[in-house]
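In the working numbering, the protein residues as written are 15 to 253.
Where a beta carbon is used, it is the ideal one built from N, C-alpha and C, also for glycine.
Working notes, structure below.
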Ligand SMILES: [Zn+2]
C-alpha cells in the first residue's frame with residue numbers, strides 16, 4: 015500500500031451497507047467524482063461518523079487497494095449540520111447534490127462547480143431564507159459550468175435584441191418573440207436583470223427574489239440534462 019491520497023471533498027451521497035460501513039460518493043476538488051468506503055462509519059462512536067454524512071466537507075485521506083478507495087482519515091472543515099435543522103434546507107441541499115451526482119465524472123475535476131456547491135452549502139448552513147432564489151442561483155451557474163449555459167444577453171437564435179423575450183428551453187436561452195419556440199413562457203425585464211446579476215462575479219450568489227426565475231431555470235436544467243428530477247418536486251412540495 016502506498017501513501018494515502020489527500021483530497022478536498024464534499025460528500026454528495028452516503029449509503030449504509032453491511033452492518034457498519036458506508037459507501038461515500040465524493041465530489042473532490044482535485045479529481046471530480048470518487049467513490050470510497052468508510053469502514054465502521056455508522057457504528058456508534060466511530061471517528062468517521064461526521065465525515066461520512068452527506069454534505070460533510072473537508073480534507074479526506076483515501077487509501078487505494080485493488081482500484082478501490084477506503085477512507086483512512088479526515089480533517090473535517092464542516093459537517094454542515096445546520097442544513098439538517100429544517101426539511102426545506104435539507105431538500106434544497108439534496109437537490110444541489112443530486113444534480114452534481116448526475117454530472118460530475120471520475121477523473122474530471124470541475125473546480126468552479128466544486129466551489130459553487132461549497133458556497134451554496136454555506137448559504138444554507140447560515141440560514142439564508144430565500145431557498146428558491148438560492149436554488150436558482152445554483153442552477154444558473156451549474157448550467158454554465160456543465161452545459162451550454164443559458165444565453166441571457168441576446169436572442170439565442172438571431173443574436174438580436176430581446177424584444178418580448180421568452181425563456182426558450184429547447185434553444186438554451188432567451189429568444190425574441192419571432193424566434194421563440196411556440197409555447198415558451200414570457201420573460202420579464204425584471205427576471206432577465208435578476209438572472210444576469212446573479213451571474214456576475216466569480217462567487218456564487220442567489221438570484222434575487224423575482225417570481226418565476228427558479229421555475230424557468232428548472233425548465234432549462236431538465237431540458238439540458240434530458241430528464242426530470244424528483245428532487246425538484248420534493249423540494250418544491252416542502253416550500
Ligand atoms: Zn431572434
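Quick check: does the Cβ of residue i come within less than 6 Å of any heavy atom belonging to ligand 1?
i	result
residue 174	yes
residue 94	no
residue 56	no
residue 171	yes
residue 190	yes
residue 193	yes
Can you tell me where the beta strand (DSSP E) holding residue i begins and where it ends?
i	result
residue 29	19 to 31
residue 181	180 to 182
residue 38	35 to 42
Name the residue from the options whose alpha carbon lies nearest to the alpha carbon of residue i.
i	options	result
residue 205	216, 167 and 237	167
residue 233	138, 115 and 149	149
residue 219	211, 226 and 225	211
residue 113	26, 137 and 201	26
residue 73	110, 61 and 87	87
residue 258	48, 33, 31 and 153	An answer regarding residue 258 cannot be provided, because it is not within the stretch 15 to 253 covered by the chain.
residue 116	28, 141, 77 and 241	241
residue 71	56, 39, 161 and 119	39
residue 237	183, 111, 98 and 146	183
residue 244	106, 68, 50 and 66	106
residue 155	53, 214 and 60	214
residue 134	221, 209 and 37	221
Taking the alpha helix (DSSP H) that residue i belongs to, which residues open and close that run?
i	result
residue 187	From DSSP, residue 187 is part of no alpha helix (DSSP H) but of the beta strand (DSSP E) over 187 to 189.
residue 52	Not the alpha helix (DSSP H): residue 52 falls in the beta strand (DSSP E), residues 46 to 52.
residue 245	244 to 252
Ranges of the beta strand (DSSP E) found wholly within the segment 134 to 185, counting only runs of at least 3:
Whole beta strand (DSSP E) segments, 3+ residues: 180 to 182.
Jot down the residue ranges of each uninterrupted beta strand (DSSP E) in the segment 58 to 124, minimum 3 residues, whole runs only, in chain order.
71 to 79 and 82 to 92
Would you call the segment 118 to 133 and the segment 42 to 57 touching, i.e. three or more CB-CB distances under 8 Å?
The segment 118 to 133, when compared against the segment 42 to 57, does touch it at the 8 Å Cβ threshold.
Contiguous alpha helix (DSSP H) assignments of at least 4 residues, all confined to the segment 180 to 242:
203 to 212 and 227 to 239
Okay, do the segment 221 to 233 and the segment 70 to 88 touch, 3+ Cβ pairs below 8 Å being the bar?
no
Meets three-Cβ-pair contact criterion under 8 Å: the segment 190 to 207 and the segment 153 to 172
Enough Cβ pairs lie closer than 8 Å, so yes.
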